[in-house]
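In what follows, a single structure is set out as structure tokens and then discussed.
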Amino acid sequence: YLVGVGRADCTGPVAQVPLMGYANPDQVGGGLLSRLYSRAFIVAEPQGSRRIVFVSADIGMVSQRVRLEVLKQLRSKYGELYRQDNVILSGTHTHSGPGGYFQYTLFWITSKGLVQPSLQSIVNGIVKSIDIAHENMKKGRLFINRGTVENSQINRSPFSYLANPESERNRYSSNTDKEMVLLKMVDEDGHELGLISWFAVHPVSMNNSNHLVNSDNVGYASYLFEQEKNKGMLPGEGSFVAAFASSNLGDVSPNTRGPFCANTGESCDNPQSTCPIGGAAMCMARGPGKDMFESTRIIGQNIYLKAKELYEKASQEVTGPLSSAHQWVNMSNVSVELNATHTVQTCKPALGHSFAAGTIDGVGAFNFTQGSVEGDPFWDQIRDQLLGEPSNETKACHKPKPILFNTGEMTWPHPWHPDIVDVQIAAIGSLAILAVPGEFTTMSGRRLREAVQSEFDSHGTPGMNVVIAGLCNVYTHYITTYEEYQLQRYEAASTIYGPHTLSAYIQLYRGLAKAIALNGTQELSPGPEPPFFNVTKLTLLPSLSVESAPVGKTFGDVLQEVRQEYREGGVAEVTFVGANPRNSAENATEHNFLTVERYSNISSSWRVVLNDASWDTRFYWSKGTRGQSNVTLEWHIPAGTEPGVYRLRYFGHYKKRANLIRVISVPFEGSSSAFQVTAP
């Protein structure tokens, strides 16, 4: 094959924009722990015209708006080379990235509308990563390997899982998929290019009290692998690209110690995930570490170590033709043939009461509980007043789900949920990547993979490696099995197209697999194109106004100085007169908010040893009154840091009035005093 890899920043605004994932309007960005990246991989047939693009981006999920804008840019740059059928865009599902990149109304509620800077940085980052991969295409080889990752996940809805038939459950040793599938890429001389790993785990080691933008556990795994392979480079630099992509993670949590009552410390591992005192709002899962930062590192490190082992031992070469199949489908109206006599329908989208309960990884508001199959008259009345009562048809279709948000019948100011959804498979020789538009639970993913596998088997392409890539192309929440749906925990309440959603997807992906196996992808009907709404201005984000420094101070002045000496394991900390980091996001593509620099006696100069993409640095922004704000930088000095003289530097932009009409951004910087790091 010809192979190309690329990586580009897609961080976006790190302040004032709600973070996407927990749907908690109070969880607004207030700084940066690690940068977000888009990682792109292109595989092409050396002679033929066929190629496949796989992108994994450090974002909550790929929205339809992001996908449509990316495809539009690719078309204008490359013509018909990169299209909806051969480009897969997948989100890692970090819950700590900026939101606001959706065109459907439901997602505006917790994201302050459509946030243009957030949307643009994701779209531009994805396109740029594809550009870099495109420019770096060279002859290469692919190897696949698979293995088991231990101690890194639990099923967060085990009672739902138990609703699946016993005969089916008995075929599996665990209620989560522990298998990692890894694709290794090298050039023809054996030089290392990169890897994609698929593994099912929610990147929610950072909980919903976090305000620092970061890529969570799987992002930390990428960081460790890339730092190891790009020796001597700063984080985010270097040619080796390691993507840790999402899979069927719907009911899979990294918070391995399980759910406990935050107030009493007792277990709340019950079908409703509630506590005797304080109800569901108190039931939260704990990760393996002493805090969320340590838990993120522990889970990320586990995943990285397994990937490293699989990468080093990968010997099974992937060869054979490339192929891709894609359709747009109206998921609110699919007829599914369950058997010769039984046909069922999917439904217009709707969310159930337990959607509002959240999960043990991030509890909801107002004490909704998981597993409610009865509505609540109080909330139902409020819903009817505000949003209109669901039609009898929709109620009947979704049974036993009690409907909270009847999104499929809500169209003001635009539809609240998508009807038109992408289904897509890309085959690279013996590897089939199923790009799914949401979060399949463990058992849903197993059924889908098995159905596609048997479809390939029965049409003359046996032995395919079938892997699920999650959160691709458009976000449609969760996909549970029919049996799990009956229990109406969070994942089931969020299965928006009704109880037969999974059966519909299985039917559709079988159709794609058959087309690939029989070389008939040209005959697939493309289906109804998704809409592109004219929304650009709808946002509740505060506008960027003129800023000021305290009397007698200027931007970048130190307010609280570092100590003179630190040991490894300590935290160097400095506070500056700061400015809104959104100014910087709007001014620069690759803005770096901070550096850690070490003084070199040999050259008598300062050398940058870390940037703000490092997991050892933290950037905090806090807004004060009268246009003033502070920035605090922290460097958590790791074991093994070379003793010597260091300093922390801060880079920002502030808004200043140029004249009556125009406000301009002015760059500035600040530096701490020099300090000593001594040996332990």
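In short: position in the sequence shown from 1, add 120, done, that's my numbering.
The C-beta atom is built at its ideal place from N, Cα and C for all residues, glycine as well.
| Item | Value |
| --- | --- |
| Proximity winner among E494, V182, I246, relative to G219 (alpha-carbon distances) | V182 |
| T416 beta carbon less than 8 Å from that of N368 | no |
| Per-residue burial, M326 [other beta carbons within 10 Å of its own, 16 or more giving buried] | buried |
| G744: first and last residue of the uninterrupted alpha helix (DSSP H) it sits in | From DSSP, G744 is part of no alpha helix (DSSP H); its letter is neither H nor E. |
| Backbone CA spacing between F560 and I252 [nearest angstrom] | 31 Å |
| Strand pairing of S717, partner residues [DSSP] | Checking the sequence, you will find Glu at residue 717 rather than Ser. For E717, which the question treats as bridged, DSSP gives the partners V728, R767. |
| The region 144 to 156 in contact with the region 264 to 272 per 3-pair CB rule at 8 Å | no |
| Simplified DSSP state of D129, which is helix, strand or coil | strand |
| Spatially closest choice to A546 from L282, A445, H518, by CA coordinates | A445 |
| Helix, strand or coil at E437 [DSSP, three-state] | strand |
| Cβ-based neighbour list, T514, same chain, cut-off 8 Å, excluding 5 preceding and 5 following | C467, K468, A470, I523, N526, G528, E529 |
| Inter-residue Cα distance where the pair is N275 and V671 | 55 Å |
| Option in D307, Q147, I616 with minimal Cα separation from R261 | D307 |
| Residue from S216, Q347, P237 with nearest C-alpha to W322 | Looking at the sequence shown, residue 322 is not Trp but His. The shortest C-alpha separation from H322 is found at S216. |
| Short Cβ contact (8 Å threshold) for K519 with G472 | no |
| Run of the beta strand (DSSP E) containing M300, from where it starts to where it stops | 299 to 307 |
| Range covered by the beta strand (DSSP E) that runs through A400 | Element bounds for A400: n/a, residue is neither H nor E. |
| V456 - containing alpha helix (DSSP H), residue span | Not the alpha helix (DSSP H): V456 falls in the beta strand (DSSP E), residues 455 to 457. |
| Start and end residues, alpha helix (DSSP H) containing F525 | Here F525 belongs to no alpha helix (DSSP H); instead the beta strand (DSSP E) covers 523 to 525. |
| For W499, three-class secondary structure by DSSP | helix |
| Selected residue, minimal CA-CA separation from M257, among T296, S359, S293 | S359 |
| Contact between the region 339 to 356 and the region 719 to 739 (3+ Cβ pairs under 8 Å) | yes |
| Opposing strand residues paired with V594 [DSSP bridges] | Answer by DSSP bridge pairing: none, since V594 is not bridged. |
| Contact the region 649 to 662 vs the region 484 to 503: 3+ CB pairs below 8 Å | no |
| Residue from N639, H756, L194 whose Cα sits closest to the Cα of G689 | H756 |
| Simplified DSSP state of T752, which is helix, strand or coil | strand |
| Chain C within 8 Å of P133, Cβ atoms only | Looking for chain C here will not work: only one protein chain is present. |
| G409 versus R718, C381, V783, R377, residue with shortest Cα-Cα distance | R377 |
| Stretch pair the region 601 to 609 + the region 176 to 193: three plus CB contacts closer than 8 Å | no |
| Nearest candidate by alpha-carbon position, reference P557, set Q501, V301, I616 | I616 |
| First and last residue of the uninterrupted beta strand (DSSP E) at V175 | 171 to 177 |
| Boundaries (first-last residue) of the beta strand (DSSP E) holding Y625 | Run containing Y625: none in the beta strand (DSSP E); it sits in the alpha helix (DSSP H), 621 to 637. |
| Where the beta strand (DSSP E) through K259 begins and ends | 258 to 268 |
| Opposing strand residues paired with P151 [DSSP bridges] | It is Gly, not Pro, that sits at residue 151 in the sequence shown. In DSSP, G151 forms a bridge with Y740. |
| Y198 burial status per 10 Å Cβ neighbour count (16 or more: buried) | exposed |
| Bridge partner(s) assigned by DSSP for P787 | H773 |
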